[in-house]
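Asks: The structure's right below; bear with me while I get my questions together.
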Amino acid sequence: MMRRSALLEAALTAVACLAVTTLCLALGSKPLMDIVLRLAIFGLFALSLNILIGYTGLISFGHAMFFGFGAYAFGLLMQARGVSIPVAFAIAVLATAALAVVVGALCIRLTAIYFAFLTLAFQMLVHAIILGWVSLTGGDQGLRGGIPRPVFLGVNLADPRHFFVFACVVAFASIFLIRQILEAPFGYTLRVIRDNADRARALGVPVQRYKLAAFVFAGVFAAVAGILMSLYVSGAYPNFAFWTQSGDAIFMIMLGGISVFLGPIVGAAVFLLLNDTITRFTEYNGLVLGIVLLCVVLGLRAGLLDVVIRLMAGAPVRPASVTTETPV
Amino acid sequence: MNLDALLDCVAASSCLATQISAGLIIGMLLFLVACGLTLIFGVLGVINFTHGSFYMMGAYIALTTFQTTGSYALAVLASTLGVALFGVIFERFFMARVYGADVLMQLLVCYAFILILDDMAKIVWGADFRAMGMPEAFVLPPLRVAGGFLPPFYLFLAAVTVAIAITLGVVIAKTRFGKIVRAAAANRQMVGVLGINTALLYAAVFALGSALAGIAGALAAPVRSVVPGMGFSILIESFIVTVIGGMGSIAGAFVASILVGITRSFGSIGFPLFTDGTMFVFMALVLLIKPTGLFGRRPG
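Listed in order, the protein sequences are those of chains A and B. According to the numbering used here, the stretch in the first sequence is residues 282 to 609, in order. According to the numbering used here, the stretch in the second sequence is residues 8 to 307, in order.
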């Protein structure tokens, strides 16, 4: 049984989804649809990573391996013909979950910075396999030849408008599911583990199992984002699983704020706009982004939504102590 | 996969000698970088994510110094001092501000610097591969060892690295500075309570670690192509080395560097498209069998 607040949230999500998609379709502006699509994909990706960073206290620097793996798994299944999109979608997500179980089981044995680096190393392994297995993945050229999009249930993803609605619905549904997971007792247990793992253990929480579950959930939603991405660009490329992709997601989370549920999505919006603007003026966007990141980290010590919440609570913009804020 | 080639190579002494020497060279450079990484981690408890960029900076400084002055000795010196100085500035003005904070903050400060330094390198030196060329003193016919060829510069590189490893070992085991470093690795707070200037200690250790990355860059410049982004791949490799050898252990870093170097050089024959992958498989095996690493003291 869903709680009433959950039903209300589901209704609100559906209305928001409907409003955004109809507005974009009504305006019919291609650039607007593009930015909403990219925001849906990268916002979902950053949000899935925040399950680990913000809620479980696991700083993964290898999250893009699931984004890339999902994209390649889906693309390869579709190219193999004879598979309908929902089936390929489901298989790709399940395969990513299996990968996340294996990688997660190895990584969660370590904590803090070790965990960050180990996930990074596994991501580089996935990246190395994608680059190396040329006969399957196309190597550094990426998965080419386009991804076939057979019509299913009257949905024709080859039509940009159909795809736009499909991507928005999938992204909104995923965001809603993540919200449900994090607001369930499971999500609160993750917060306990983040704040005090010893205490959680003393209370009888199987900490490792919860961490692994969080890792798999995060990986699955990253894969969904990856699948949308592969449909969006009609292919898959090795840089989907490259470390910079993970770095960008952490950047988005930090920019938006890790203490608010929608922080990563706001962060993704700001990041995409920032990146688009910078690229228009200079090719050295790393330099500018790096300086912005330094200012946010050292200056604000929090994301934009964190600051908004602090201002609303009448607290000073910058906290006196040097601890990161965490979601409540 | 090309196992036949690998078996042929192991059977022929000439190929074996060439590959082992190539592996040792990779290992030596890795050791210098990993050693600084593990030293900084041991004392400060932070992973310097920008360490690879320091190595890149060392290589570029060496390239420019060598091309303007023609002296390789001067190039090595300039890289060492220049990168050490940058390391101190980075530590004092940026990292020191996030020591008490979450690991995420430290990671982000470093990530910001990776982005900035890579682009700075592109602006100053261009995005293309650059080659420094071999210093004249080392332009000699290669030595023949067991039928394989061994460039004289390799011997120099190995000698310098071994000398540094021994000096470092002696300094840490015998001197007052070494004692403080070991004490800080065991308990940072207590060292501060006992009246040691920890700010100075941290800056000194960071300078030392950065200097090692600078030397590594300068030594790599004649034998590797110099390119923005070269720092990141060596960062990953040296992290693998520290995981295999055990975080905070210099002896472990030395053994693991050589193992990884050899794995890489033979992996490039046996699994030409999966050379990087062989390293990760090696690391995963070590983590499964002994999660603390070969020489690790405490569990991660």
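Positions of the beta carbon are idealized from the N, C-alpha and C atoms, including for glycine.
#1: Please identify the residue among G52(B), G274(B), E98(B) and L150(B) whose C-alpha is closest to the C-alpha of S21(B).
#2: Does DSSP put L157(B) in a helix, a strand or coil?
#3: Would D126(B) count as contacting chain A if we go by Cβ distances under 8 Å?
#4: Taking a Cβ distance cut-off of 7 Å, strictly less, list which residues of the segment 535-567 of chain A are near chain B, in chain order.
#5: So, under 8 Å CB-CB, V95(B) and A210(B) are touching, yes? Tell me the CB distance rounded to an integer number of Å.
#6: What are the partner residues of F433(A), as DSSP defines its beta bridges?
#7: Would you check if the distance between the CB atom of A103(B) and the CB atom of A82(B) is smaller than 8 Å?
#8: On the criterion of 16 or more Cβ atoms from any shown chain inside 10 Å, does Q26(B) qualify as buried, or is it exposed?
#9: Quick check on DSSP: helix, strand or coil for L175(B)?
#10: May I ask which residues mark the beginning and end of the beta strand (DSSP E) holding V116(B)?
#11: Taking C-beta pairs closer than 8 Å, name the residues in chain B that F398(A) reaches, listed in chain order.
#12: Assuming the contact rule is C-beta atoms closer than 8 Å, V230(B) and I32(B) should be a hit. Round their C-beta distance to whole Å, please.
#13: Can you give the beta carbon distance from S86(B) to G59(B), rounded, assuming they're within the 8 Å contact cut?
#14: Do you know offhand how far V40(B)'s Cα is from A223(B)'s?
#15: According to a CB-to-CB cut-off of less than 7 Å, which residues of the segment 170-195 of chain B neighbour chain A?
#16: Run the proximity test for T174(B): is its beta-carbon closer than 7 Å to any non-hydrogen atom belonging to the ligand HEM?
#17: Can you round the beta-carbon distance between F289(B) and G259(B) to whole angstroms, since I take them to be within the 8 Å contact cut?
#18: With a cut-off of 8 Å on the beta carbons, I'd call L325(A) and A517(A) a contact; round off their distance for me.
#19: Considering Cα atoms alone, identify which of D15(B), G43(B) and F61(B) is closest to P235(B).
#20: Using DSSP bridges, identify the partner residues of L424(A).
#21: Just list the residues that DSSP pairs L150(B) with in beta bridges.
#22: Is T200(B) helix, strand or coil when you go by DSSP?
#23: Quick one: what's got a C-beta closer than 8 Å to I334(A)'s C-beta in the same chain, skipping five residues either side?
#24: Below 8 Å on the Cβ atoms is my guess for F237(A) versus F396(A); work out the distance and round it to an integer in Å.
#25: Within the 8 Å Cβ cut-off, does I474(A) reach chain B?
#26: Flag this pair as yes or no: are the beta carbons of G528(A) and G584(A) separated by less than 8 Å?
#27: Tell me which residues of the segment 380-392 of chain A have at least one Cβ-Cβ distance to chain B shorter than 8 Å, keeping chain order.
#28: Which residues of chain A have a Cβ atom closer than 7 Å to the Cβ of A144(B), listed in chain order?
#29: Anything in chain A within Cβ reach of G284(B), meaning under 7 Å, just list it in chain order.
#30: Chain A beta carbons: is any one of them nearer than 8 Å to that of G307(B)?
#31: Could you compute how far the alpha carbon of I123(B) sits from the alpha carbon of I322(A)?
#32: Starting from the C-beta of V293(B), find all residues in its chain whose C-beta is less than 8 Å away, skip the five residues before and the five after it, and write them out in chain order.
#33: Answer yes or no: does any C-beta atom of chain A fall closer than 8 Å to that of F73(B)?
#34: Give the DSSP-derived three-state secondary structure of V234(B) in the structure shown.
#35: Is the shortest distance between the beta-carbon of V501(A) and the beta-carbons of chain B less than 8 Å?
#36: Within this structure, are the beta carbons of F398(A) and T377(A) separated by less than 8 Å?
Replies: Let's see:
#1: Measuring from the Cα of S21(B), the nearest candidate turns out to be L150(B).
#2: If DSSP states are grouped into helix, strand and coil, L157(B) belongs with the strands.
#3: D126(B) has a beta carbon lying within less than 8 Å of a beta carbon in chain A.
#4: Within the segment 535-567 of chain A, M535, Y565 and G567 place their CB atoms closer than 7 Å to a CB of chain B, listed in sequence order.
#5: The C-beta distance from V95(B) to A210(B) rounds to 5 Å, short enough to fall under 8 Å.
#6: Looking at the DSSP output, F433(A) shares a beta bridge with V436(A).
#7: No, Cβ-Cβ distance for A103(B) and A82(B) is not below 8 Å.
#8: Burial state of Q26(B) is buried, judged by a 10 Å Cβ sphere holding 16 or more other Cβ atoms.
#9: If DSSP states are grouped into helix, strand and coil, L175(B) belongs with the helices.
#10: From DSSP, V116(B) is part of no beta strand (DSSP E) but of the alpha helix (DSSP H) over V110 to W132.
#11: Listed along chain B, the residues sitting closer than 8 Å to F398(A) by beta-carbon distance are I54, F246 and V250.
#12: Taking C-beta atoms under 8 Å as the contact rule, V230(B) and I32(B) qualify, at a distance of about 7 Å.
#13: Contact doesn't hold; Cβ gap of about 15 Å is too wide.
#14: Roughly 6 Å separates the two Cα atoms.
#15: For the segment 170-195 of chain B, which is checked against every Cβ of chain A, not one residue is closer than 7 Å.
#16: Ligands are entirely absent from the displayed structure, and the ligand HEM is therefore not among its contents.
#17: About 14 Å separates the Cβ atoms of F289(B) and G259(B), ruling out a contact at the 8 Å cut-off.
#18: Wrong, their Cβ atoms sit about 17 Å apart, outside the cutoff.
#19: Answer by Cα proximity: F61(B).
#20: Paired residue(s): A517(A).
#21: Paired residues: L157(B).
#22: The question names Thr, but residue 200(B) is Val in the sequence shown. DSSP places V200(B) in helix when its eight states are reduced to three.
#23: Annotation for I334(A): I340, S341, I531, I534 and I539 place their beta carbon closer than 8 Å to its own, counting only its chain and skipping 5 residues before and after.
#24: The structure shown does not extend to residue 237(A), since chain A spans only 282 to 609, so no value can be given for it.
#25: Cβ-Cβ to chain B under 8 Å: no for I474(A).
#26: Going by C-beta atoms, G528(A) is not nearer than 8 Å to G584(A).
#27: Listed by position along the chain: L387, R390, L391 and T392.
#28: One finds nothing in chain A with a Cβ atom closer than 7 Å to the Cβ of A144(B); even the nearest lies about 37 Å away.
#29: Close to G284(B), with beta-carbon spacing below 7 Å, are these residues of chain A in chain order: L406, A409, I410 and G413.
#30: The predicted position of G307(B) is uncertain, since its pLDDT is 36 and thus under 50; a value taken from the coordinates is nonetheless stated next. By this cut-off, G307(B) is an interface position.
#31: The alpha-carbon atoms of I123(B) and I322(A) are separated by roughly 26 Å.
#32: Only V250, I251, G300 and L301 meet the Cβ criterion.
#33: No - not a single Cβ of chain A is within 8 Å of the one on F73(B).
#34: Looking at V234(B) - three-state DSSP - the assignment turns out to be coil, as it is neither helix nor strand.
#35: Closer than 8 Å: no.
#36: Between F398(A) and T377(A), the CB-CB gap reaches or exceeds 8 Å.
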